[in-house]
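**Student:** For reference, each letter of the sequence shown is one residue, going 189 to 671 in the numbering used here. A virtual CB, placed ideally from N, CA and C, is assigned to each residue, including glycine. For reference, the structure I am asking about is given below.
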Amino acid sequence: MSSIENLEPFNAYSLVNGQWRSTTNTTEVLNPATGATVAQVAAQGAELAVEAVEAARAALPSWSKTSAMERSQYLERISQLLLEQIDGLALVLTTEQGKPLAEAREEIEYAASYFAWYAGEALRAYGRLVPAGAENQRVMVRKCPVGVVTAITPWNFPCALLARKLAPALAAGCTFVAKPALETPLTALALGAITRQAGIPPGVVNIVVGADSQAIGEVLTQHPAVAKFTFTGSTAIGTQLLAQCAAGVKRTSLELGGNAPFLVFEDANLEAAVDGLMAAKFRNAGQTCVSPNRILLHQDIAAPFLALLRERMAALQMGDGEDPSTQLGPLIHAQAVVRIQQLVAAAVAAGAKVETFDQAVPGPAFAPPQLVTNINPEMDLFQQEIFGPVVAVMTFSDETNAVQLANATPYGLAAYAYTQNLQRCWRLYEDLTVGMLGLNQGRISSAMAPFGGVKASGFGREGGPEGIEEYLSTHYLAWGDCT
Ligand code: NAP
Numbered sequence: 189m190s191s192i193e194n195l196e197p198f199n200a201y202s203l204v205n206g207q208w209r210s211t212t213n214t215t216e217v218l219n220p221a222t223g224a225t226v227a228q229v230a231a232q233g234a235e236l237a238v239e240a241v242e243a244a245r246a247a248l249p250s251w252s253k254t255s256a257m258e259r260s261q262y263l264e265r266i267s268q269l270l271l272e273q274i275d276g277l278a279l280v281l282t283t284e285q286g287k288p289l290a291e292a293r294e295e296i297e298y299a300a301s302y303f304a305w306y307a308g309e310a311l312r313a314y315g316r317l318v319p320a321g322a323e324n325q326r327v328m329v330r331k332c333p334v335g336v337v338t339a340i341t342p343w344n345f346p347c348a349l350l351a352r353k354l355a356p357a358l359a360a361g362c363t364f365v366a367k368p369a370l371e372t373p374l375t376a377l378a379l380g381a382i383t384r385q386a387g388i389p390p391g392v393v394n395i396v397v398g399a400d401s402q403a404i405g406e407v408l409t410q411h412p413a414v415a416k417f418t419f420t421g422s423t424a425i426g427t428q429l430l431a432q433c434a435a436g437v438k439r440t441s442l443e444l445g446g447n448a449p450f451l452v453f454e455d456a457n458l459e460a461a462v463d464g465l466m467a468a469k470f471r472n473a474g475q476t477c478v479s480p481n482r483i484l485l486h487q488d489i490a491a492p493f494l495a496l497l498r499e500r501m502a503a504l505q506m507g508d509g510e511d512p513s514t515q516l517g518p519l520i521h522a523q524a525v526v527r528i529q530q531l532v533a534a535a536v537a538a539g540a541k542v543e544t545f546d547q548a549v550p551g552p553a554f555a556p557p558q559l560v561t562n563i564n565p566e567m568d569l570f571q572q573e574i575f576g577p578v579v580a581v582m583t584f585s586d587e588t589n590a591v592q593l594a595n596a597t598p599y600g601l602a603a604y605a606y607t608q609n610l611q612r613c614w615r616l617y618e619d620l621t622v623g624m625l626g627l628n629q630g631r632i633s634s635a636m637a638p639f640g641g642v643k644a645s646g647f648g649r650e651g652g653p654e655g656i657e658e659y660l661s662t663h664y665l666a667w668g669d670c671t
């Protein structure tokens, strides 16, 4: 752990106005692989959230006036520091979240890429000069930071999902208050420490760790100084927070749950499709919002596809994420395993068939890979986000049937399709009601692209030029004749 010993979060537990703040009220962070206590963090309440929002409000006038070049340099520095400290950060992430170390390193690199990308976008928040409709008139448009931004983030990508909000907010000139999930506060605090190392002034970045998410959430959605609220998490909690924001007419963006269909057509390269499915499905043990949830196979290729898939699933190495040979770590906690077992058991009771790729289960938070065939749209396994290493499969007869099944849930985050038919590729891009489509590829996220969903998966985009627009407001000037 030597490289992380310098990171202050291991001694002090919320970052407000540049200070590490503690209380006597603590809560344990557990390692999901071993059940061991990783840290005791101070569980703050609504009062510290209010202080944090007020610190962000106080820091806003000077931060929003820094030059775009200066903000760009800060962001570049954060990106570099993340990469320089990747070994220690990845270990913290694996210890509190459970994912294999190689995936934790990927997540830190991915987070760093957002700071690097928005270091560039900070320089490109252009306004425009518009030809006016009348003589002696000038029309001008400029982009301004929205103001104080508040954020609530989940445990599955504790570094990257915070970075996707923080980087564009800072680039735009906003100040920021975040509440990370209680399961994984340490990575968020480490990112907070890195913003200090990068020289970000006090009050610009604040991180409040608390056990009473309801009370803290009320402050972050309702405090009059908050201009914009951004959330990543479940659709149920996101809906509640959206209602809370409505009273104050806060700008809002929501990255919510997914239920991605993964379509394999009769003309697909089956090896490539299985590769894509393994990469997308088993990353973070299936606990990703873009994880393929419903595997829809053309009836003519289902048998050979499943034969290839079984071989790959049987070879997965399950274990503690700190072991370099581990490919499949634990779920976030034992209750998550129970929830998945219940989903699978209900599907089996309704006629599905399950194959478990058993191996020694190292602890109560581990779930073995399972293949469930013969599912149907009436099952919860089809309608709900599984969030675990369960591959749920059904077959389709033709493209119309496949698209209708793919669109048959309230969600619309991501979809994947494997086919070599170019005309079909275009049709799928137009007909699948999702924010993101992976065509012949299982990895779809990148800092350059607008990540986000439609329907019950939320609204707003993270990444790409669209990502910074979420933190900018448009102001226009009509300038008359001054003679
Ligand atoms: P969650 O239960 O909605 O929790 C997310 C965050 O909300 C946590 O920080 C949690 O804090 C907080 N929270 C819970 N109840 C709250 C309340 N009443 N008021 C204010 N804050 C509250 O979701 P999760 O189980 O952690 O995460 C998994 C979900 O996130 C999945 O549905 C997944 O699809 C979604 N997700 C979406 C994306 C995307 O980009 N679309 C990305 C990743 C994950 P505490 O933990 O402290 O209670």
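Mind checking L317: buried by the 16 CB within 10 Å criterion, or exposed?
**Tutor:** exposed
**Student:** Quick one: residues in its chain with C-beta nearer than 8 Å to the C-beta of A473, no 5 flanking neighbours on either side, listed in chain order?
**Tutor:** G286, K287, L516, G517, P518, L519, A555, G576, P577
**Student:** Output the boundary residues of the alpha helix (DSSP H) element that contains R471.
**Tutor:** Taken as a continuous stretch (DSSP letters only), R471 belongs to no alpha helix (DSSP H), as it is neither H nor E.
**Student:** Is Q261 helix, strand or coil by DSSP?
**Tutor:** Three-state DSSP puts Q261 in a helix.
**Student:** Run the proximity test for E654: is its beta-carbon closer than 7 Å to any non-hydrogen atom belonging to the ligand NAP?
**Tutor:** E654: no, Cβ never under 7 Å from the ligand NAP.
**Student:** Nearest-angstrom Cα distance between N324 and Q273?
**Tutor:** 57 Å
**Student:** Considering just the uninterrupted stretch of the beta strand (DSSP E) at G626, what are its terminal residues?
**Tutor:** 624-627
**Student:** To the nearest whole angstrom, what separates the beta carbons of T383 and I528, a pair I think is in contact under 8 Å?
**Tutor:** 36 Å between Cβ atoms; not a contact.
**Student:** Can you have a look at T662 and say buried or exposed, based on whether 16 or more other CB atoms are within 10 angstroms of its CB?
**Tutor:** exposed
**Student:** Kindly confirm or deny that the region 445-455 and the region 473-485 touch, where touching means at least three C-beta pairs closer than 8 Å.
**Tutor:** yes
**Student:** C332 lies in the beta strand (DSSP E); which residues open and close that run?
**Tutor:** 326-333
**Student:** Determine, using beta carbons only, whether Y604 and F453 come nearer to each other than 8 Å.
**Tutor:** no
**Student:** Express the C-alpha separation of L408 and L358 in angstroms, rounding to a whole number.
**Tutor:** For L358 and L408, the distance between alpha carbons rounds to 18 Å.
**Student:** Going along the chain, which unbroken runs of the alpha helix (DSSP H) with 4 or more residues stay wholly within the region 455-526?
**Tutor:** 458-470, 490-502
**Student:** Just to confirm the assignment, what range does the beta strand (DSSP E) spanning L442 have?
**Tutor:** Here the beta strand (DSSP E) through L442 covers 439-443.
**Student:** Would you call the CB atoms of T583 and L485 closer than 8 Å?
**Tutor:** yes
**Student:** Give a yes or no on whether the C-beta atoms belonging to A256 and A310 are separated by under 8 Å.
**Tutor:** yes
**Student:** Is T667 near the ligand NAP - that is, is its Cβ less than 7 Å away from at least one heavy atom of it?
**Tutor:** The question names Thr, but residue 667 is Trp in the sequence shown. W667: no, Cβ never under 7 Å from the ligand NAP.
**Student:** Exposed or buried, Q487, counting other C-beta atoms within 10 Å across all chains shown (16 or more means buried)?
**Tutor:** Exposed, since its Cβ has fewer than 16 Cβ neighbours within 10 Å.
**Student:** Pair every Cβ in the region 391-405 with every Cβ in the region 357-376, then say whether three or more of these pairs are closer than 8 Å.
**Tutor:** The region 391-405, when compared against the region 357-376, does touch it at the 8 Å Cβ threshold.
**Student:** If you measure between the beta carbons of D455 and N609, is that distance less than 8 Å?
**Tutor:** Yes, they are a contact pair.
**Student:** Assess, as a yes-or-no matter, whether the region 531-544 is touched by the region 560-571 under the definition of 3 or more beta carbon pairs within less than 8 Å.
**Tutor:** Put simply, the region 560-571 touches the region 531-544. At least three CB pairs are less than 8 Å apart.
**Student:** Can you list the beta strand (DSSP E) stretches of 3 or more residues lying completely in the region 532-611, in chain order?
**Tutor:** 541-544, 558-561, 578-584, 602-606
**Student:** Give the DSSP-derived three-state secondary structure of E658 in the structure shown.
**Tutor:** coil
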